[in-house]
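Trainee: Take a look at this one; I'll ask things after.
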Amino acid sequence: MTQLNSRAIPAGIVLALVGLIILAPLAGLLNLSGLPGYEPGDLRFWHSSYIRRVLSFSLWQAFLSTLCSVLPAILVARAFALQMNFPMRGLLLRLFALPLVVPAVVAVMGVVSVYGSGGWIPLGKSLYGLNGILLAHVFFNLPLAVRLLLPQWQSIPEHHWQLGDQLGMSTWQRWRYLEWPALREALPGVMLLVFMLCLTSFAVVLTLGGGPKSTTLEVAIYQSLRFDFNPARAVVLALLQLVICMLVAGVTLKLQRLPEVEITLSPGSRPQGRLQKPLDMALILAATIYVGLPLSSMLVDALSGPLLQIISSIYLWQSIAKTLFIGLSAALISVIAGWFLVQYSAGLAQVGLVNRARLIDLAGSIVYVVPPLVIGTGMFVLLSSHVDVFNWVYPIVITINALMGLPFVIRSLGPALRQNHARYHDLCQSLDLQGWNRFRYLEWPLLRRPLGLATALVAALAMGDLGVIALFGTPETATLALVIYQQLGAYLIPHATVTALVLLLLCLAVFWLLERGIGGKSDA
Amino acid sequence: MCLNSRCFGAGLLLLSMSFAVQAATPTLVVYTYDSFTSEWGPGPQVKAAFEARCNCTLDLVGLEDGVSMLNRLKLEGNNTRADLLLGLDTSLTAEAGASGLFDTHGMVLENSSLPDPWQDDLFLPYDYGYFAFVYNRERLTNPPTSLRQLVEDEQGPSILVQDPRTSTPGLGLLLWIKKIYGDEADKAWARLSPRIVTVSKGWSEAYGLFLKGEADMVLSYTTSPAYHIIAEKDSRFSAARFSEGHYQQIEVAGLVQGSQQKKLAREFLKFMLSEDFQTIIPTTNWMYPAVLASERLPAEFRQLIDPSPALLLDDKRVASKRKAWIDEWLEVMSR
Numbered sequence: 001m002t003q004l005n006s007r008a009i010p011a012g013i014v015l016a017l018v019g020l021i022i023l024a025p026l027a028g029l030l031n032l033s034g035l036p037g038y039e040p041g042d043l044r045f046w047h048s049s050y051i052r053r054v055l056s057f058s059l060w061q062a063f064l065s066t067l068c069s070v071l072p073a074i075l076v077a078r079a080f081a082l083q084m085n086f087p088m089r090g091l092l093l094r095l096f097a098l099p100l101v102v103p104a105v106v107a108v109m110g111v112v113s114v115y116g117s118g119g120w121i122p123l124g125k126s127l128y129g130l131n132g133i134l135l136a137h138v139f140f141n142l143p144l145a146v147r148l149l150l151p152q153w154q155s156i157p158e159h160h161w162q163l164g165d166q167l168g169m170s171t172w173q174r175w176r177y178l179e180w181p182a183l184r185e186a187l188p189g190v191m192l193l194v195f196m197l198c199l200t201s202f203a204v205v206l207t208l209g210g211g212p213k214s215t216t217l218e219v220a221i222y223q224s225l226r227f228d229f230n231p232a233r234a235v236v237l238a239l240l241q242l243v244i245c246m247l248v249a250g251v252t253l254k255l256q257r258l259p260e261v262e263i264t265l266s267p268g269s270r271p272q273g274r275l276q277k278p279l280d281m282a283l284i285l286a287a288t289i290y291v292g293l294p295l296s297s298m299l300v301d302a303l304s305g306p307l308l309q310i311i312s313s314i315y316l317w318q319s320i321a322k323t324l325f326i327g328l329s330a331a332l333i334s335v336i337a338g339w340f341l342v343q344y345s346a347g348l349a350q351v352g353l354v355n356r357a358r359l360i361d362l363a364g365s366i367v368y369v370v371p372p373l374v375i376g377t378g379m380f381v382l383l384s385s386h387v388d389v390f391n392w393v394y395p396i397v398i399t400i401n402a403l404m405g406l407p408f409v410i411r412s413l414g415p416a417l418r419q420n421h422a423r424y425h426d427l428c429q430s431l432d433l434q435g436w437n438r439f440r441y442l443e444w445p446l447l448r449r450p451l452g453l454a455t456a457l458v459a460a461l462a463m464g465d466l467g468v469i470a471l472f473g474t475p476e477t478a479t480l481a482l483v484i485y486q487q488l489g490a491y492l493i494p495h496a497t498v499t500a501l502v503l504l505l506l507c508l509a510v511f512w513l514l515e516r517g518i519g520g521k522s523d524a
Numbered sequence: 525m526c527l528n529s530r531c532f533g534a535g536l537l538l539l540s541m542s543f544a545v546q547a548a549t550p551t552l553v554v555y556t557y558d559s560f561t562s563e564w565g566p567g568p569q570v571k572a573a574f575e576a577r578c579n580c581t582l583d584l585v586g587l588e589d590g591v592s593m594l595n596r597l598k599l600e601g602n603n604t605r606a607d608l609l610l611g612l613d614t615s616l617t618a619e620a621g622a623s624g625l626f627d628t629h630g631m632v633l634e635n636s637s638l639p640d641p642w643q644d645d646l647f648l649p650y651d652y653g654y655f656a657f658v659y660n661r662e663r664l665t666n667p668p669t670s671l672r673q674l675v676e677d678e679q680g681p682s683i684l685v686q687d688p689r690t691s692t693p694g695l696g697l698l699l700w701i702k703k704i705y706g707d708e709a710d711k712a713w714a715r716l717s718p719r720i721v722t723v724s725k726g727w728s729e730a731y732g733l734f735l736k737g738e739a740d741m742v743l744s745y746t747t748s749p750a751y752h753i754i755a756e757k758d759s760r761f762s763a764a765r766f767s768e769g770h771y772q773q774i775e776v777a778g779l780v781q782g783s784q785q786k787k788l789a790r791e792f793l794k795f796m797l798s799e800d801f802q803t804i805i806p807t808t809n810w811m812y813p814a815v816l817a818s819e820r821l822p823a824e825f826r827q828l829i830d831p832s833p834a835l836l837l838d839d840k841r842v843a844s845k846r847k848a849w850i851d852e853w854l855e856v857m858s859r
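Dropping the structure here:
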């Protein structure tokens, strides 16, 4: 118990900081009454049919998008898990991390290149509406879910597979008794994460949705804070979104089973029937095509663009440096903060305080749904009267991105850490293995892989971020994502496709380096 | 490497000199939109040209768009660093003026090339343009010749437009239809709606989709074809001329009330209306300069359609009605 208490302190500090970074800006915005030209406006908007419609559409599309992304992702992740050896497996898995970083507008162009009326698989006008939204959301989230679910199969101990083999288990029985219990631990969290990503989707929903029928709460928040300039209304809507996510999270995480299985390090070959391999390969191929088509269309567009002109521009290299700096700093902070949270929640789960463990996970996870525009504007309000905000652009952008990355850290690190705990906690107690030594000899070798994934995900996410940087942007801080938007806004569409390719390659490189460097040699 | 103390001393001296230089030259801070400040926008040339004559540093701060600039200024109030705002447009000037955050410019607009005389004590225009539907002549051979025809012809072309809640051209079309149809605007939207492929968040998405061939026409500017002609040597694109006239967007700059450097700021406003500034505009911002004789425009601009008569609603009316009009639009378009 003393160890648990000592863990409570860093976790408590992290939670307090997260709370402060979110709530203080909201309070700051609510407090804005003496602004020029500001009218408090009508806050009783739940009577308005507009907000009711927006709310139900947001939830419905997020629910459908989650189902369409995560259910196939289970099958694909399983196929990857069972087929340990085939050419380009590692590369494919890394490609699966790319959609996450594609700026929304570029992804929309990619989806339209594939499914638009002049595309490879023309859907015509029926693309615009729920179809387009789902296609784009699955493109973003299926690969992410595959990456987050895949480690669950690795966590099934080798001797369980052998035992299953000796008992002559059928594929169904193996699924039911070996795989499903392991999967259940991570699945609710992954579903929640995808749900939040889709709930807060903005440009994709608006542009592919066909019209204002497809409006999410995020759009209403943006509208309140910008055109209507009604910060109080924006805050109330942001809180509404937060509460909805808490409810959904409460239900989802109730389904989560904490681990009863052990972790293993040496995945061998999996026993499988004759049909298993072709079936798995077909699934992997289908998923690869689905994810690969929009990415290839971006590649095709970029290769016909002014490649040399852009690569030789000094501005590009400056923005690459800025993008890397922001991405890596945010990842570092996010992973350290997430580590403390997950450590504490794993400790709580270990001693049976499951609900409290869940609550900590939850607190760290739902920060994602507070729109960066709201946090950023709020921070601006708080800071601008005391300091010169222009000198604070980097700290603010990095902090908010680190915060937005926290749910990804918790999702990728949480399950592994809890399993690690369940298996080795007693051993550590009896050996009095603590602190740095415990990290060095026990946690690092076993957790470096999920740690690598977490760092890479947050870095990639922050590198593709636009919401925060656009708010504070000055010419000195144009990141690649912002440059892409600037080019698109200046008719320079061919240039933008090249810059987007540079961003993708940069993310691929960072992903590879972080996963290899932190996670070690073996592929996910 | 230079590690000895003499070297260190020289370094310190250099450092203090650079501070001294900084203190001597004032910095003029201008909030603008980021496509103005970007590498290919007017920003770099404007900065070089103004700094060559002002003995000052021009700090162009790029924000998302006019709305962001105004909101930022409202949030900062008297603590703002901005001396000028450059890039508000006529749908925002009434609201901006009512905020009390701007000072009079005290200048007279001479030789204006705007279609109508300019009367505003707070804001000065630097460029302007007209909204229009742009199309590819190879794809669409008989474009509509009036807004009424576009709205009412059920067999008409498919179009891409922007959302008035999030985009300036989107709001422009809303006002254009309001100007032509008045109280019947909601019916006009209902008739037009089936041919709208999608309503995008901003100009970039809609224009990108248009170039991908997703629709016959896209809401943009009459000057858009000039970009394709000049920068891409591609003359397939045209703007459809509508007989009722085209809704106008005038981009303006305003002097911030709390500025400590009003003299320098007014110098910038003067520079903004000079030929040096005005000739940068056509091929970087792709708009019509506010005070440049038409023969000084690039030759390709003469191939563009004549958008007259210029349509504009009174900015105070827009400010007071905008929310109601957007709600009306939402109601029709969400059916």
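Residue numbers (my numbering), protein chains in the order written: chain W, 1 to 524; chain L, 525 to 859. All residues carry an ideal CB built from backbone N, CA and C; glycine is no exception. Keep in mind that this is a model prediction, so the values were computed, not measured.
Does any CB atom of chain W fall closer than 8 Å to the CB of L:S736?
Mentor: It is Lys, not Ser, that sits at residue 736 of chain L in the sequence shown. Interface residue, yes.
Trainee: Taking all protein chains shown into account, decide if W:R147 is buried (16 or more other Cβ within 10 angstroms of its Cβ) or exposed.
Mentor: Looking at its Cβ environment, which holds 16 or more other Cβ atoms inside 10 Å, W:R147 is buried.
Trainee: What residues in the region 308 to 320 of chain W bring their beta carbon closer than 7 Å to a beta carbon of chain L?
Mentor: Flagged, chain order: Y315.
Trainee: Got a sec? Which residues, its chain only, sit under 8 Å from L:R672 by beta carbon, not counting five neighbours each side?
Mentor: Result list for L:R672: I704 and E768, in chain order.
Trainee: Let me see if you follow: with CB-CB separation under 8 Å, is L:L733 close to chain W or not?
Mentor: Interface residue, yes.
Trainee: If I follow the unbroken beta strand (DSSP E) through L:G586, where does it start and stop?
Mentor: First-last of the beta strand (DSSP E) with L:G586: T581 to L587.
Trainee: Report the neighbours of W:R53 on chain L: residues whose CB is nearer than 7 Å to its CB, in chain order.
Mentor: Result: S858.
Trainee: What number of angstroms, rounded off, separates the C-alpha of W:G211 from the C-alpha of L:R859?
Mentor: About 10 Å.
Trainee: Could you spell out where the alpha helix (DSSP H) holding W:A330 opens and where it closes?
Mentor: Unbroken alpha helix (DSSP H) run through W:A330: I314 to Q350.
Trainee: Would you say L:N660 reaches chain W, if we count a Cβ-Cβ gap shorter than 8 Å as a contact?
Mentor: So no, L:N660 is outside the interface.
Trainee: Using a Cβ-Cβ cut-off of less than 8 Å, list which residues of the region 182 to 211 of chain W approach chain L; keep chain order.
Mentor: Residues passing the 8 Å Cβ filter: F202, A203, L206, T207, L208, G209, G210 and G211.
Trainee: Just the C-alpha distance for W:I518 and W:Y491, rounded to the nearest angstrom, thanks.
Mentor: Cα-Cα distance, rounded: 41 Å.
Trainee: Using a Cβ-Cβ distance cut-off of 8 Å, determine whether L:D677 contacts chain W.
Mentor: Not an interface residue.
Trainee: Considering just the uninterrupted stretch of the alpha helix (DSSP H) at W:Y394, what are its terminal residues?
Mentor: Residues V393 to L431.
Trainee: CB-CB under 8 Å to W:S319, same chain, minus the five flanking residues each way: which ones, in chain order?
Mentor: Correct list, in chain order: A478, T479, L480, L482 and V483.
Trainee: Compare the C-beta of W:I493 with all C-beta atoms of chain L and state if any pair is closer than 8 Å.
Mentor: Chain L contact via Cβ: present.
Trainee: DSSP three-state call for L:E662: helix, strand or coil?
Mentor: Correct three-state label for L:E662: coil.
Trainee: Show which residues of chain L have a CB atom less than 7 Å away from the CB atom of W:R411.
Mentor: Result: empty, since nearest Cβ-Cβ is about 28 Å, beyond 7 Å.
Trainee: Please check if any C-beta of chain L sits within less than 8 Å of the C-beta of W:R226.
Mentor: It does; some Cβ of chain L falls within 8 Å.
Trainee: So the alpha helix (DSSP H) W:T455 belongs to, where does it begin and stop?
Mentor: Segment W444 to M463, the alpha helix (DSSP H) holding W:T455.
Trainee: Is it right to say L:T556 is buried, meaning 16 or more other beta carbons lie within 10 angstroms of its own, or is it exposed?
Mentor: Buried, since its Cβ has 16 or more Cβ neighbours within 10 Å.
Trainee: Spell out the partners DSSP gives L:M741 in its beta bridges.
Mentor: For L:M741, which the question treats as bridged, DSSP gives the partners L:Y659 and L:I683.
Trainee: Just reading off the alpha helix (DSSP H) that W:F140 is part of, what are its end residues?
Mentor: L130 to Q154 is the span of the alpha helix (DSSP H), which, as asked, contains W:F140.
Trainee: What do you get for W:Y441, buried or exposed, if any count of 16 or more other CB atoms within 10 angstroms of its CB means buried?
Mentor: Exposed, because fewer than 16 other Cβ atoms sit within 10 Å of the Cβ of W:Y441.
Trainee: If the criterion is Cβ atoms closer than 8 Å, does the pair L:P550 and L:Q785 meet it?
Mentor: Cβ atoms of L:P550 and L:Q785: closer than 8 Å.
Trainee: For W:L71, count neighbouring Cβ atoms within 10 angstroms of its own Cβ and tell me buried if that reaches 16, exposed if not.
Mentor: Flag for W:L71 reads exposed.
Trainee: Closer than 9 Å between beta carbons: that is the criterion. Which residues of the region 712 to 733 of chain L meet it against chain W?
Mentor: Listed in sequence order: S717, I720, V721, T722, V723, S724, K725, G726, W727, S728, E729, A730, Y731, G732 and L733.
Trainee: Can you tell me the Cα-Cα spacing of L:L612 and L:A814, whole angstroms?
Mentor: Whole-angstrom Cα-Cα distance: 14 Å.
Trainee: Using three-state DSSP, classify L:A834 as helix, strand or coil.
Mentor: In this structure, L:A834 counts as strand in the three-state DSSP scheme.
Trainee: Please name the residue or residues paired with W:V251 in a DSSP beta bridge.
Mentor: None; W:V251 has no bridge partner.
Trainee: Could you tell me the distance, in whole angstroms, from the CA atom of W:L328 to the CA atom of L:I753?
Mentor: So the alpha carbons of these two residues sit roughly 42 Å apart.
Trainee: With a CB to CB cut of under 6 Å and the five nearest residues on each side skipped, what residues in its chain are close to L:A620?
Mentor: Once the five neighbours on either side are set aside, the close Cβ partners of L:A620 are L594 and L612.
Trainee: Can you check whether the CB of L:L648 is closer than 8 Å to the CB of L:L638?
Mentor: No. Outside cutoff.
Trainee: Work out the CA separation of W:T216 and W:G250 for me, nearest whole Å.
Mentor: Distance between the alpha carbons of W:G250 and W:T216 is about 22 Å.
Trainee: What residues of chain L sit near W:V112, judged by a beta carbon separation below 7 Å?
Mentor: Residues of chain L passing the Cβ test: L733, K736 and E738.
Trainee: Are there 16 or more other CB atoms within 10 angstroms of the CB of L:P822, so buried, or fewer, so exposed?
Mentor: By the 10 Å Cβ count, L:P822 comes out exposed.
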